[in-house]
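In my numbering, the protein residues as written are 233 to 559. For every residue, glycine included, the Cβ atom is placed at its ideal position computed from N, Cα and C. Model, not experiment: these values are computed from the prediction.
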């Protein structure tokens, strides 16, 4: 199990993962944002950039165990959440007769395979996926064009600025976790490159959110549960039924990549925290921890705390070690 990551693989993997994480988090898992989701994504990027700059500086100056541990725990927790979310999405689409726990099993096998292949394989698959993503989205946009209603983008702030700010803090935390892990694992020293790739990812997310909002009118917060949001996204009654397949492919492949990248990042970070641990036990331990946390009931949302925790972790200095980069 390879814990190294080239710069090109880091850019592709992190970009694709950020797109999926922000889209799912803001459109499916954040009913308080709704029409203001695109603004939350933009503000989240702005809030995350100073923390990412500190993480890039940490990659230059040396090893930061506290920062590595914070990213390790955050990546594993988010991977567990995405494992549950991906299995739940599968249940909503076609497998509502199968328990969600059972649907997690093939996902864990896919994650285990990705842990074995390593980060560069994930980066290569992300590049292939992004090339396939563009024509698939063009097909969807072309055939859904008559059904878009720009008037449904209003009110632009959704349920108010408070919800938008709440969503932006969550979005910033997700961006920092994914971008920060990619920076440390490839030893990226150029903040401009990190800023550019993540900005492109957030711009894509903003476009996807606007397209999604134009397909369904505003509903009250009580009606914006996860299942309702997924139905509106994947099986929207206003769009032709033959578009459901490309929409489901786009959504599910993106979620699978996100799950695999965050799980691999947690495994690779574990090997950086404990250099004596080889790849195989680190992968088994990570996979077991992600599966266990996904099965446990989550009663407290940690999304709002991730950004301040990562800020504190990036500011804590410790030792000095040359940054590693294989790209």
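Beta-carbon proximity list for residue 361, same chain, < 7 Å, skipping 5 on both sides:
Against the chain shown, residue 361 aligns to sequence position 129. Once the five neighbours on either side are set aside, the close Cβ partners of residue 361 are 248, 485 and 489.
Roughly how many angstroms lie between the CA atoms of residue 261 and residue 269, to the nearest whole one?
Along the chain shown, one-based indexing puts residue 261 at 29. Along the chain shown, one-based indexing puts residue 269 at 37. Approximately 11 Å between the Cα atoms of the pair.
Residue 437 to residue 254 span [Cα, whole Å]
Translated into positions along the chain shown, residue 437 becomes position 205. Translated into positions along the chain shown, residue 254 becomes position 22. Cα to Cα, residue 437 sits roughly 7 Å from residue 254.
Could you have a look at residue 256 and say whether DSSP puts it in helix, strand or coil?
As a position in the chain shown, residue 256 is number 24, starting the count at 1. Residue 256 falls in the helix class under three-state DSSP.
Same chain, Cβ closer than 7 Å to residue 277, five either side skipped, listed in chain order
Counted from its first residue, the chain shown places residue 277 at position 45. 407, 430, 431 and 434.
What separation, rounded to the nearest whole angstrom, lies between the Cα atoms of residue 468 and residue 447?
Reading the chain shown from its first residue, position 236 is the one you call residue 468. Reading the chain shown from its first residue, position 215 is the one you call residue 447. Rounded to the nearest angstrom, the two C-alpha atoms are 8 Å apart.
Check for me: the alpha helix (DSSP H) holding residue 377 runs from which residue to which?
The residue labelled residue 377 in the question sits at position 145 within the chain shown. Unbroken run through residue 377: none, as it is neither H nor E.
May I have the straight-line CA-CA distance separating residue 400 from residue 538, to the nearest angstrom?
Position 168 of the chain shown, counting from 1, holds the residue named residue 400. Position 306 of the chain shown, counting from 1, holds the residue named residue 538. Computed Cα separation, rounded: 12 Å.
Beta-carbon proximity of residue 409 to residue 306, cut-off 8 Å:
Position 177 of the chain shown, counting from 1, holds the residue named residue 409. Position 74 of the chain shown, counting from 1, holds the residue named residue 306. Yes, Cβ-Cβ distance for residue 409 and residue 306 is below 8 Å.
Does DSSP put residue 261 in a helix, in a strand, or in coil?
The residue you call residue 261 lines up with position 29 of the chain shown. Coil at residue 261, not helix or strand.
If you count every other CB in all the chains shown that lies within 10 Å of the CB of residue 551, and 16 or more means buried, which is it?
The sequence position of residue 551 within the chain shown is 319, counting from 1. For residue 551, the predicted model reports a pLDDT of 49, less than 50, meaning its position is unreliable; a value from the coordinates is still stated below. Label assigned to residue 551: exposed.
On the criterion of 16 or more Cβ atoms from any shown chain inside 10 Å, does residue 329 qualify as buried, or is it exposed?
In the chain shown, counting from the first residue as 1, residue 329 sits at position 97. Exposed, by the Cβ-count rule.
Could you have a look at residue 424 and say whether DSSP puts it in helix, strand or coil?
For the purposes of this step, residue 424 is taken as the residue at position 192 of the chain shown. In the structure shown, residue 424 sits in a helix (DSSP, three-state: H, G or I).
DSSP on residue 331, reduced to helix/strand/coil?
Position 99 of the chain shown, counted from the first residue, corresponds to residue 331. Residue state, collapsed to three classes: coil.
Measure the alpha-carbon distance for residue 404 versus residue 398 and round it to whole angstroms.
Here residue 404 refers to the residue found at position 172 when the chain shown is read from its first residue. Here residue 398 refers to the residue found at position 166 when the chain shown is read from its first residue. Between residue 404 and residue 398, the C-alpha separation is close to 10 Å.
Using 8 Å for Cβ pairs, my map puts residue 390 next to residue 267. What's the rounded Cβ distance?
In the chain shown, residue 390 corresponds to position 158, counting from 1. In the chain shown, residue 267 corresponds to position 35, counting from 1. About 4 Å; that satisfies the 8 Å criterion.
Sort 368, 426 and 500 by Cα distance to residue 239 and report the nearest one.
For the purposes of this step, residue 239 is identified with residue 7 of the chain shown, where counting begins at 1. Selected option, being the one with the closest Cα: 426.
As assigned by DSSP and simplified to three states, the class of residue 471
For this step, residue 471 is matched to residue 239 along the chain shown. The answer is coil: DSSP assigns residue 471 none of H, G, I, E or B.
Taking just the CA atoms, how far does residue 252 sit from residue 259?
As a working mapping, residue 259 is identified with position 27 in the chain shown. As a working mapping, residue 252 is identified with position 20 in the chain shown. Their Cα atoms are separated by approximately 10 Å.
Outcome for residue 496 when other beta-carbon atoms lying within 10 angstroms are tallied against a minimum of 16
Residue 496 sits at position 264 when you count from the first residue of the chain shown. Buried, by the Cβ-count rule.
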